[in-house]
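S.K.:
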Amino acid sequence: KEESTDELEEELKRVTAENKKLVEMLSVVCENYNTLRSHLM
Amino acid sequence: MDCSSWINTSLDLNINPHRVHEEVPKMEVESKLFSLGMTKFSVKEESTDELEEELKRVTAENKKLVEMLSVVCENYNTLRSHLMEYMKRNPEKELSPSSKKRKSESSNNNNSNLMGINNGNSESSSTDEEESCKKPREETIKAKISRVYVRTEASDTGLIVKDGYQWRKYGQKVTRDNPCPRAYFKCSFAPSCPVKKKVQRSVDDQSVLVATYEGEHNHPQPSRMEATSGSGRGMSQGSSVPCSASLISSAPTVVTLDLTNSKSSKGSKNTEPRKDSPKVPQNLVEQMATSLTTDPNFRAALVAAISGRLMHKN
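Line by line, the protein sequences give chains U and H.
Residues in the first sequence are numbered consecutively from 640, following the numbering used here.
Residues in the second sequence are numbered consecutively from 2, following the numbering used here.
(1) My understanding is that residue 59 (chain H) touches residue 672 (chain U), with C-beta atoms under 8 Å, so please give their C-beta distance in whole angstroms.
(2) Over what stretch of residues does the beta strand (DSSP E) that includes residue 210 (chain H) continue unbroken?
(3) Name the chain H residues that come within less than 7 Å of residue 650 (chain U), Cβ to Cβ?
(4) To which residues of the same chain is residue 186 (chain H) closer than 8 Å at the C-beta, ignoring the five residues directly before and after it?
(5) Under a three-way DSSP split, which group does residue 147 (chain H) fall into?
(6) If you count every other CB in all the chains shown that lies within 10 Å of the CB of residue 179 (chain H), and 16 or more means buried, which is it?
(7) Where DSSP assigns a beta bridge to residue 184 (chain H), which residues make up the other side?
(8) Counting only beta-carbon atoms, is residue 90 (chain H) nearer than 9 Å to chain U?
(9) Residue 181 (chain H) to residue 164 (chain H), Cα distance in whole Å?
(10) Identify the contact partners of residue 68 (chain H) in chain U, using a Cβ-Cβ distance below 8 Å as the criterion.
(11) Measure the alpha-carbon distance for residue 150 (chain H) versus residue 86 (chain H) and round it to whole angstroms.
(12) Does the distance from the C-beta atom of residue 208 (chain H) to that of residue 155 (chain H) stay below 9 Å?
(13) Check this for me: beta carbons of residue 651 (chain U) and residue 66 (chain H), under 9 Å apart or not?
(14) Contact criterion: CB-CB distance below 9 Å. Does residue 48 (chain H) meet it with respect to chain U?
(15) Out of curiosity, what's the CA-to-CA distance linking residue 645 (chain U) and residue 64 (chain H)?
(16) Mark residue 680 (chain U) as exposed unless 16 or more other C-beta atoms lie within 10 angstroms of its C-beta, in which case mark it buried.
(17) Residue 648 (chain U) to residue 52 (chain H), Cα distance in whole Å?
(18) Between the alpha carbons of residue 106 (chain H) and residue 56 (chain H), how many angstroms are there, rounded?
(19) Express the C-alpha separation of residue 219 (chain H) and residue 376 (chain H) in angstroms, rounding to a whole number.
(20) Going by C-alpha distance, which of H:47, H:54, H:70 is nearest residue 667 (chain U)?
(21) Alpha carbons only, please: which of H:190, H:177, H:188, H:212 is nearest the one belonging to residue 162 (chain H)?
(22) As a quick exercise: from H:174, H:205, H:166, pick the residue whose alpha carbon is nearest that of residue 221 (chain H).
(23) My guess is that residue 80 (chain H) and residue 676 (chain U) are in contact by the Cβ rule of under 8 Å, so how many angstroms apart are they, rounded?
(24) Only counting the same chain, and skipping five residues up and downstream in sequence, which positions put a Cβ closer than 7 Å to that of residue 653 (chain U)?
(25) If contact means a Cβ-Cβ distance below 9 Å, which residues of the segment 187-198 of chain H contact chain U?
(26) By DSSP's criteria, residue 152 (chain H) is part of a beta bridge. Which residues make up the other side?
(27) Taking the C-alpha atoms as reference points, what is the distance between residue 204 (chain H) and residue 191 (chain H)?
(28) Count the other C-beta atoms from every protein chain shown that fall within 10 angstroms of the C-beta of residue 184 (chain H), then say buried if there are 16 or more, exposed otherwise.
(29) Within its chain, find whatever has a CB closer than 6 Å to the CB of residue 195 (chain H); leave out the 5 residues flanking it on each side and keep chain order.
(30) Answer yes or no: does any C-beta atom of chain U fall closer than 9 Å to that of residue 123 (chain H)?
(31) Taking its Cβ as the centre, do 16 or more other Cβ atoms sit within 10 Å of residue 75 (chain H), making it buried, or is it exposed?
(32) Pull up the CB-CB distance for residue 62 (chain H) and residue 658 (chain U), whole angstroms please, since I reckon it's below 8 Å.
(33) Could you compute how far the alpha carbon of residue 664 (chain U) sits from the alpha carbon of residue 54 (chain H)?
(34) Counting only Cβ pairs nearer than 8 Å, list the residues of chain U close to residue 74 (chain H).
(35) Quick check: residue 153 (chain H) and residue 210 (chain H), are their CB atoms within less than 9 Å of each other?
Now the structure itself:
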């Protein structure tokens with residue numbers, strides 16, 4: 640049980656870190672998109 | 002365009018990795034439960050359940066984020082393809098070769114990176130984007146055609162329309178519908194220039210020369226001297242340039258310019274209509290290219306995400 644909990648915690652950390660990166664990427668892409676769009680307009 | 006379609010960059014997402022631990026302090030719960038007569042085993046079980054629940058929540062959030070990213074990337078690529086289409090339409094205002102190279106390299110990198118991110122989720126978006134990039138290129142290949150009418154002296158029998166460009170005559174023939182011969186010219190200023198010109202006298206009025214231009218010059222105008230027909234009257238240099246009309250469609254575009262009106266040709270050498278193509282400041286184009294290609298944050302984030310993904314998959 641102890642082991643299972645540790646694994647879960649580890650997995651949770653990993654997925655959360657991945658989420659954070661995805662949010663950062665999304666933010667950058669959105670920013671670029673809006674910049675490009677404003678230039679084209 | 003409607004500003005409501007702008008992407009909202011504020012993501013209301015909870016990415017706190019230690020939420021479980023903050024909400025449910027382990028020791029506190031254990032002590033409380035112990036005081037209530039519950040065993041340590043049941044506490045662990047509960048903690049595991051909560052962890053599983055949290056993991057599910059974060060995983061769902063992750064999936065949602067990937068989907069969002071896919072949509073945004075698709076939109077971005079579509080917009081970029083529009084930009085490329087615009088650049089194709091206005092080749093004379095295209096980016097400098099170095100920045101163009103940077104742009105293409107960067108876009109290739111971006112595409113490959115995004116493919117990696119979206120692997121298994123939305124691979125089709127990348128292929129769609131590639132196709133959407135191809136279509137405008139095919140459309141721009143269609144030849145642009147423009148026609149210019151030039152009045153000459155009655156005594157002039159030549160088939161020469163001087164427009165400031167250098168032409169090499171490569172053929173002449175007589176067509177059934179017009180007894181006057183038709184001369185074929187090719188732009189000789191640059192070897193790779195694809196522009197061709199046909200010159201023939203009008204059936205209705207033999208004093209009028211009809212010059213038909215096909216294609217688009219890939220070089221600047223060789224001279225700025227005012228062009229005239231063989232008789233010294235007629236058209237100005239600027240108005241004869243067939244490629245200044247920036248119309249592109251699936252069907253070949255025909256631009257007709259009638260310069261046979263004696264009033265306008267006599268009295269307005271300096272005021273003749275000059276076709277202006279849409280102006281885009283060079284620095285704006287550069288700025289666009291730079292924002293697209295040389296954003297270190299963007300690259301870094303992509304690389305980090307992909308490498309992270311790959312490592313986790315392994």
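By construction, the Cβ of each residue, glycine as well, lies at the ideal position given by its N, Cα and C atoms.
Predicted model, so just to flag it, every value in this text is computed and none were measured.
M.R.: Walking through what the data contain:
(1) Actually they do not touch by this definition, with Cβ atoms about 26 Å apart.
(2) 209-215 is the extent of the beta strand (DSSP E) around residue 210 (chain H).
(3) 56, listed in chain order.
(4) Around residue 186 (chain H), the same chain offers 168, 169, 170, 171, 197, 198, 199, 200 as residues with beta carbons nearer than 8 Å, after the five sequence neighbours per side are excluded.
(5) Of the three classes helix, strand and coil, the one that applies to residue 147 (chain H) here is strand, per DSSP.
(6) With fewer than 16 other Cβ atoms within 10 Å, it is exposed.
(7) The partner list for residue 184 (chain H) (beta bridge, DSSP) reads H:173, H:200.
(8) Not one chain U Cβ lies under 9 Å of residue 90 (chain H).
(9) If you take the alpha carbons of residue 181 (chain H) and residue 164 (chain H), they lie about 21 Å apart.
(10) Within 8 Å Cβ-Cβ: nothing; residue 68 (chain H) doesn't reach chain U, min ~10 Å.
(11) Taking the straight line joining both Cα atoms gives about 31 Å.
(12) In terms of Cβ geometry, residue 208 (chain H) and residue 155 (chain H) form a close pair [threshold 9 Å].
(13) If you check the CB distance, residue 651 (chain U) and residue 66 (chain H) do not come in under 9 Å.
(14) Cβ-Cβ to chain U under 9 Å: yes for residue 48 (chain H).
(15) Cα to Cα, residue 645 (chain U) sits roughly 23 Å from residue 64 (chain H).
(16) Per the 10 Å Cβ criterion, exposed.
(17) Rounded to the nearest whole angstrom, the C-alpha separation of residue 648 (chain U) and residue 52 (chain H) is 7 Å.
(18) Unreliable positioning characterises residue 106 (chain H) in this predicted model, as indicated by a pLDDT of 43, which lies under 50. The coordinate reading is nonetheless provided below. Rounded to the nearest whole angstrom, the CA to CA distance from residue 106 (chain H) to residue 56 (chain H) is 38 Å.
(19) Since the first and last residues shown for chain H are 2 and 315, residue 376 (chain H) lies out of range.
(20) Among H:47, H:54, H:70, the Cα nearest to that of residue 667 (chain U) belongs to H:70.
(21) The residue from H:190, H:177, H:188, H:212 with its alpha-carbon nearest to that of residue 162 (chain H) is H:212.
(22) Ranking the options by Cα distance to residue 221 (chain H), first place goes to H:166.
(23) Right, the Cβ-Cβ distance comes to about 6 Å (below 8 Å), so this counts as a contact.
(24) No residues qualify anywhere along the chain.
(25) Within the segment 187-198 of chain H, no residue has a Cβ that lies closer than 9 Å to any Cβ of chain U.
(26) Note: residue 152 (chain H) is bridge-paired with H:209 in the DSSP secondary-structure output.
(27) CA-CA distance, residue 204 (chain H) to residue 191 (chain H), rounds to 33 Å.
(28) Burial call: buried.
(29) Only 216 meet the Cβ criterion.
(30) Any answer about residue 123 (chain H) is weak, because its pLDDT of 36 lies below 50 and its placement is not dependable; what the coordinates show is given next. For residue 123 (chain H), no CB of chain U lies under 9 Å from its own CB, so it is not counted at the interface with that chain.
(31) So residue 75 (chain H) counts as buried.
(32) With 8 Å as the limit, residue 62 (chain H) and residue 658 (chain U) qualify as a contact, their Cβ atoms being about 6 Å apart.
(33) Distance from the CA of residue 664 (chain U) to the CA of residue 54 (chain H), rounded to the nearest whole angstrom, comes to 26 Å.
(34) Under a criterion of Cβ atoms nearer than 8 Å, the residues of chain U adjacent to residue 74 (chain H) are, in order, 668.
(35) In this structure, residue 153 (chain H) places its C-beta atom within 9 Å of the C-beta atom of residue 210 (chain H).
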